[in-house]
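Here is the structure we will look at.
Chains as they are written, first to last, in the working numbering: chain E, 8 to 244; chain R, 75 to 183.
Below is the structure:
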C-alpha cells in the first residue's frame with residue numbers, strides 16, 4: 008500500500024497527467040469555444056470552469072444563454088445538470104477515510120470534486136494508505152482543474168485549428184474514458200445500478216429530458232441497491 | 075446585454091452547483107459510512123454517472139449527435155477491445171476509440 012507525502016503526490020500528478028488532464032484540456036477547449044460563441048468573456052469562461060467545475064452544468068449554461076433564455080431558466084438548468092454532486096459527495100467523502108475534519112475543509116473538498124476525480128480516486132484508493140488518500144485526492148483534483156482552466160482559455164482564444172473530424176474524436180474521448188473506468192468498478196450492487204441507470208435513462212430521456220439523470224440515478228440506484236442486497240443475502244441462488 | 079449580466083449568470087450557476095455539493099457534505103456529516111443509507115447513495119451516484127456517460131455516447135446533445143449511432147457504437151466496441159487487449163490500459167482504449175471515431179467519420183461520414 009502506497010504511503011508517504013512525496014510518493015502519494017507524485018503518483019497523483021502522474022495519474023493526472025497520464026490521461027485525465029489531457030481529456031479535461033480537450034473537453035474544456037470545446038466549452039471555451041462555446042462560451043465565446045454565447046457571449047461570455049474569457050475570464051468568465053475560465054471562472055465558470057473553476058467554480059462550477061461540472062461540464063454538463065457548464066454546457067447547459069452556455070447553450071441556454073446562447074439561445075436567449077432568461078437567467079432563472081439558465082441557473083435552474085445548470086443546477087439540475089449538476090445535481091449528481093449530492094450523491095457523489097456523499098459516496099466519496101467517507102471513502103477518503105479522513106476521519107473528523109472541519110466543515111470548511113469538507114466544503115472545499117466537495118467543491119474540488121468532479122466525475123474524473125471521483126472515478127479515478129475510488130479506483131486508486133484501495134492501493135493508497137488511508138491517511139494519505141486525502142492528499143492524493145487534492146493533488147489529483149487540483150492538477151486536472153488546472154488543466155481544465157487552461158483548456159478553457161485555449162479553446163476560448165481559438166488558437167487551435169483542428170479539422171472537424173479530429174475535434175469529434177476529442178469530444179468522444181471524455182465519455183469513453185468514464186465508460187472504461189466504470190467497467191472496472193467492483194461490487195455487485197454498484198454494477199447492477201450502473202446497468203439499470205443506463206436502461207432507465209434511455210426511457211427517461213424521451214419522457215422527462217430535463218430530469219432524466221435524476222430519474223436514472225434514483226430508479227437505477229434504488230433497484231440496483233435492492234438487487235445487490237437480495238442476492239448478497241443468498242436468495243435466488 | 076452588459077458584461078454584468080454574464081458575470082451574474084456565471085456566479086449564480088456556480089452557487090447553484092455548490093448547493094448540491096454543500097448538501098452532500100451536510101448529509102455525510104450525519105450518516106454512518108457502513109450503513110445501508112450510504113450504500114444506497116453510492117448506488118444512486120453510480121447509476122447517475124453511468125446514465126450520464128450512456129447519454130453522452132448514445133443520446134448526445136453535443137457535436138457527437140452529428141455522428142451516426144453505428145459509428146459511435148463501433149468506436150466504443152473498438153475502445154473496449156483495445157482496453158482488454160492491452161491489459162486494461164485506459165490510454166490504449168481511449169486512443170483507439172477516439173482515433174477510430176475520427177477515422178470512421180472521415181471514411182464513411
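Virtual Cβ for every residue (Gly too), placed ideally from N, Cα, C.
Please confirm if the segment 152-165 of chain E is in contact with the segment 207-224 of chain E, defined as three or more CB-CB distances below 8 Å between the two stretches.
-> no
Secondary structure at residue 135 of chain E, three-state DSSP: helix, strand or coil?
-> For the purposes of this step, residue 135 of chain E is taken as the residue at position 128 of the first chain. Residue 135 of chain E falls in the strand class under three-state DSSP.
Who are residue 169 of chain E's beta bridge partners in DSSP?
-> Numbered from its first residue, the first chain carries residue 169 of chain E at position 162. None, per the DSSP bridge assignment.
Straight-line gap, residue 159 of chain R to residue 172 of chain R (C-alpha atoms, nearest Å) = Your numbering for residue 159 of chain R matches position 85 in the second chain. Your numbering for residue 172 of chain R matches position 98 in the second chain. Answer to the nearest angstrom: the Cα atoms are 16 Å apart.
Based on Cα-Cα distance, which residue from R/76, R/175, R/162 lies nearest to residue 47 of chain E?
-> On the first chain, position 40 is the one that residue 47 of chain E refers to. Of R/76, R/175, R/162, the residue nearest in Cα terms is R/76.
In chain order, what residues of the same chain lie with their CB nearer than 8 Å to the CB of residue 188 of chain E, ignoring the 5 residues before and after it?
-> Numbered from its first residue, the first chain carries residue 188 of chain E at position 181. So the list reads 126, 127, 130, once near-sequence residues are dropped.
Which first and last residues belong to the alpha helix (DSSP H) in which residue 147 of chain R is found?
-> Position 73 of the second chain, counting from 1, holds the residue named residue 147 of chain R. Where residue 147 of chain R is concerned, the enclosing alpha helix (DSSP H) stretches over 143-159.
Residue 175 of chain E and residue 138 of chain R: beta carbons closer than 8 Å?
-> The residue given as residue 175 of chain E occupies position 168 in the first chain. The residue given as residue 138 of chain R occupies position 64 in the second chain. Result yes, Cβ atoms of residue 175 of chain E and residue 138 of chain R sit closer than 8 Å.
Apart from the five residues on each side of it in sequence, which residues of its chain come closer than 6 Å, Cβ to Cβ, to residue 105 of chain E?
-> As a position in the first chain, residue 105 of chain E is number 98, starting the count at 1. So the qualifying residues of the chain are 141.
Any heavy atom of the ligand SAM within a distance shorter than 7 Å of the CB on residue 129 of chain R?
-> For the structure depicted, the ligand SAM is absent and the ligand set is empty, with no information on it obtainable.
Starting from residue 210 of chain E, trace the alpha helix (DSSP H) both ways and give me its first and last residue.
-> One-based indexing of the first chain puts residue 210 of chain E at position 203. Where residue 210 of chain E is concerned, the enclosing alpha helix (DSSP H) stretches over 195-214.
Buried or exposed: residue 244 of chain E, going by 16 or more other Cβ atoms within 10 Å of its Cβ?
-> As a first step, residue 244 of chain E must be located in the first chain, where it is residue number 237. Interpretation of residue 244 of chain E is limited by its pLDDT of 46, a score under 50 that renders its predicted location unreliable; the figure taken from the coordinates is listed afterwards. Exposed is the call here.
Hey, is the segment 137-155 of chain R in contact with the segment 77-93 of chain R, meaning 3+ C-beta pairs nearer than 8 Å?
-> no
So, using beta-carbon positions, are residue 92 of chain E and residue 112 of chain E closer together than 8 Å?
-> For the purposes of this step, residue 92 of chain E is identified with residue 85 of the first chain, where counting begins at 1. For the purposes of this step, residue 112 of chain E is identified with residue 105 of the first chain, where counting begins at 1. No, they are not a contact pair.
Is the beta carbon of residue 184 of chain E less than 8 Å from the beta carbon of residue 133 of chain R?
-> For the purposes of this step, residue 184 of chain E is taken as residue 177 along the first chain, with counting starting at 1. For the purposes of this step, residue 133 of chain R is taken as residue 59 along the second chain, with counting starting at 1. Against a cut-off of 8 Å, the Cβ pair of residue 133 of chain R and residue 184 of chain E comes out as no contact.
The segment 190-205 of chain E / the segment 91-98 of chain R touching (three or more Cβ pairs under 8 Å) | no
For residue 91 of chain R, the first and last residue of its enclosing alpha helix (DSSP H) | Translated into the one-based positions of the second chain, residue 91 of chain R becomes position 17. Its alpha helix (DSSP H) spans residues 77-104.
At a CB-CB cut-off below 8 Å, which residues of chain E make contact with residue 142 of chain R?
-> For this step, residue 142 of chain R is matched to residue 68 along the second chain. Within 8 Å Cβ-Cβ: nothing; residue 142 of chain R doesn't reach chain E, min ~12 Å.
Can residue 96 of chain E and residue 117 of chain E be called in contact, C-beta distance under 8 Å?
-> Along the first chain, one-based indexing puts residue 96 of chain E at 89. Along the first chain, one-based indexing puts residue 117 of chain E at 110. Closer than 8 Å, so yes.
How big is the Cα-Cα spacing for residue 131 of chain R and residue 179 of chain E?
-> To locate residue 131 of chain R, count along the second chain from 1; it is residue 57. To locate residue 179 of chain E, count along the first chain from 1; it is residue 172. Approximately 8 Å, taken between the alpha carbons.
Residue 81 of chain E burial status per 10 Å Cβ neighbour count (16 or more: buried) | Here residue 81 of chain E corresponds to residue number 74 of the first chain, with the count starting at 1. Buried: at least 16 other Cβ atoms inside 10 Å.
Decide if residue 12 of chain E is buried, meaning its Cβ has at least 16 other Cβ atoms within 10 Å, or exposed.
-> Numbered from 1 along the first chain, position 5 holds the residue referred to as residue 12 of chain E. Per the 10 Å Cβ criterion, exposed.
Neighbour flag for residue 123 of chain E against chain R, beta carbons, 8 Å = Translated into the one-based positions of the first chain, residue 123 of chain E becomes position 116. So, not an interface residue.
Scan the segment 79-97 of chain R for residues whose Cβ lies nearer than 9 Å to a Cβ of chain E and list them as they occur along the chain.
-> 79, 80, 81, 82, 83, 84, 85, 86, 87, 88, 89, 90, 91, 92, 93, 94, 95, 96, 97
For residue 159 of chain R, go through chain E and note every residue whose CB falls closer than 9 Å to its CB, in chain order.
-> Within the second chain, numbered from 1, the residue matching residue 159 of chain R stands at position 85. Here the premise fails: no neighbours, minimum Cβ distance about 13 Å.
Contact list for residue 205 of chain E against chain R, beta-carbon separation under 7 Å | Taking the first residue of the first chain as 1, we reach residue 205 of chain E at position 198. What residue 205 of chain E touches in chain R: 124, 125, 128.
Could you tell me whether the Cβ atoms of residue 52 of chain E and residue 42 of chain E are closer together than 8 Å?
-> As a first step, residue 52 of chain E is located in the first chain; it is residue number 45 there, counting from the start. As a first step, residue 42 of chain E is located in the first chain; it is residue number 35 there, counting from the start. Yes, the Cβ-Cβ distance between residue 52 of chain E and residue 42 of chain E is below 8 Å.
Beta-carbon contacts of residue 161 of chain R that lie in its chain and below 7 Å, excluding the five residues immediately before and after = Within the second chain, numbered from 1, the residue matching residue 161 of chain R stands at position 87. Excluding residues within five positions, none has a Cβ falling inside 7 Å.
Taking only beta-carbon atoms, is residue 20 of chain E less than 8 Å away from chain R?
-> The residue labelled residue 20 of chain E in the question sits at position 13 within the first chain. No - not a single Cβ of chain R is within 8 Å of the one on residue 20 of chain E.
Extent of the continuous alpha helix (DSSP H) run through residue 28 of chain E | For the purposes of this step, residue 28 of chain E is taken as residue 21 along the first chain, with counting starting at 1. Here the alpha helix (DSSP H) through residue 28 of chain E covers 27-44.
Would you mind working out which of E/103, E/119, E/172, E/59 sits nearest residue 45 of chain R, comparing C-alpha positions?
-> A query on residue 45 of chain R cannot be resolved here, the shown segment of chain R reaching from 75 to 183 and no further.
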